[in-house]
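Trainee: Have a look at this one.
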Amino acid sequence: MAGSAAPYARYNVAIVRDLADSLADQALRMNKDQEQRVDMEKARQEHKIYIDSLRSIQGLEVVELPGDSSLPDCVFVEDTAVVCGDTALLSRPGATSRRAEVNSVKQTLERLKFNIVEMKDETATLDGGDVLFTGKEFFVGLSSRTNQRGAQILADVFKDYAVSTVNVTGTLHLKTFCTMAGPDLIAIGSSVDAEKTLEQMLSLSDHSYSTLVLPDDEAANCVYLNSPEKGHILLHRTAKEFPESAKIFKSLVNYTLIPVSNTELAKVDGSLTCCSILLNKGA
Ligand code: CIR
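If you're matching positions, the sequence shown starts at 2 in our numbering and goes up one per residue.
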């Protein structure tokens, strides 16, 4: 399961899913403000650019699943599975309306020949958005969607790695304000909630990490990949959305930066990492 010599975040497959037609009306959202209605046309354009950005990465096969209008949040595939090495843990999403999203992701992962483990325990909940794999260890956010039992099952499945739990407050998922922006480089927002979570992570870890502190929590959700041709690649939120955070991204040396706008899915609490599962087939 562990022990691959590949660099951190060397992926060759990305699973993505089309938007459900029902997303604007029925997707779950923390902010109920109707001013914040999702413009579906714009959301589809932004999602297409996201998918095209992944397609532009040489050596990365993009598997695009169809949307399903009975599953309004199905575009957020990240929440349905945690994949590490040759093992895929299918999650048990915290929101009951999202549980059936796992089925088509399961079929895809089976076809890709991953060892599948299903989270069957009815007391467990886990959203992939709460799971941060640093390459050295896992951090699992305990949030309104993910509980201790879910984290325990993840630890039982990925036994080669330390798994620590941290409390997530003020936002939906751990990765809403904290992701990896490179090997041993944690991107973190600047809110008090984000700072508190980072403090817990660093105090629980035996490893040393650098941090990339972003003025905007939302911008701290970025997608890092390491490509054999280009090295460090980072999909991040645009300067138009978050000008101050974009300046910080620009300071990264030897990175291919791909700005991606996410104004529409953000209205239903979706961030950039939510829209793909990145994996290494044959790891
Ligand atoms: C939800 O509330 O479940 C969706 N509207 C948003 C999920 C975002 N997923 C993620 O952060 N991994």
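Positions of the beta carbon are idealized from the N, C-alpha and C atoms, including for glycine.
Specify, as a first and last residue, the run of the beta strand (DSSP E) that Met31 falls within.
Mentor: Premise fails: Met31 is in no beta strand (DSSP E) and is neither H nor E.
Trainee: Does the segment 78-89 come close enough to the segment 121-132 that 3 or more CB-CB pairs lie under 8 Å?
Mentor: Yes, since at least three Cβ pairs between the segment 121-132 and the segment 78-89 fall closer than 8 Å, the two stretches touch.
Trainee: So the candidates are Val158, Val39, Asp217; which of them puts its Cα closest to the Cα of Phe139?
Mentor: Out of Val158, Val39, Asp217, Val158 has the C-alpha closest to the C-alpha of Phe139.
Trainee: Mark Ala7 as exposed unless 16 or more other C-beta atoms lie within 10 angstroms of its C-beta, in which case mark it buried.
Mentor: Classification for Ala7: exposed.
Trainee: Return the CA-CA distance between Tyr12 and Asp53, expressed in angstroms with no decimal places.
Mentor: Each residue's alpha carbon lies about 16 Å from the other.
Trainee: Count the other C-beta atoms from every protein chain shown that fall within 10 angstroms of the C-beta of Val254, then say buried if there are 16 or more, exposed otherwise.
Mentor: So Val254 counts as exposed.
Trainee: Near Gly136, which residues of its chain fall below 7 Å by C-beta distance, leaving aside the five closest residues on each side in sequence?
Mentor: These residues qualify, in order along the chain: Tyr9, Pro184.
Trainee: Closer than 7 Å by C-beta to Ile117: which residues in its own chain qualify, once you throw out the five before and the five after it? Chain order, please.
Mentor: So the qualifying residues of the chain are Ala89, Leu91, Lys107, Leu110, Glu111.
Trainee: When you measure from the CB of Lys248 to every non-hydrogen atom of the ligand CIR, does any distance come out below 7 Å?
Mentor: Checking every heavy atom of the ligand CIR against the Cβ of Lys248, none is found closer than 7 Å.
Trainee: Residue range of the beta strand (DSSP E) that Tyr256 falls in?
Mentor: Segment 256-260, the beta strand (DSSP E) holding Tyr256.
Trainee: Quick test of the definition: if touching needs 3 or more C-beta pairs under 8 Å, does the segment 243-258 touch the segment 210-220?
Mentor: Yes: the two stretches touch, three or more of their Cβ pairs being nearer than 8 Å.
Trainee: Please name the residue in Met181, Ser228, Asn281 whose C-alpha comes closest to that of Leu213.
Mentor: With distances taken between Cα atoms, Leu213 lies closest to Met181.
Trainee: Taking the beta carbon of Met31 as the centre, do at least 16 other beta carbons fall within 10 Å, making it buried, or is it exposed?
Mentor: Classification of Met31: exposed, given that the 10 Å Cβ count is below 16.
Trainee: Give the range of the alpha helix (DSSP H) segment to which Leu203 is assigned.
Mentor: Element bounds for Leu203: 193-205.
Trainee: Please say whether Leu72 and Ala25 have beta carbons closer to each other than 8 Å?
Mentor: It is not a contact, given that the beta carbons lie outside the stated cut-off.
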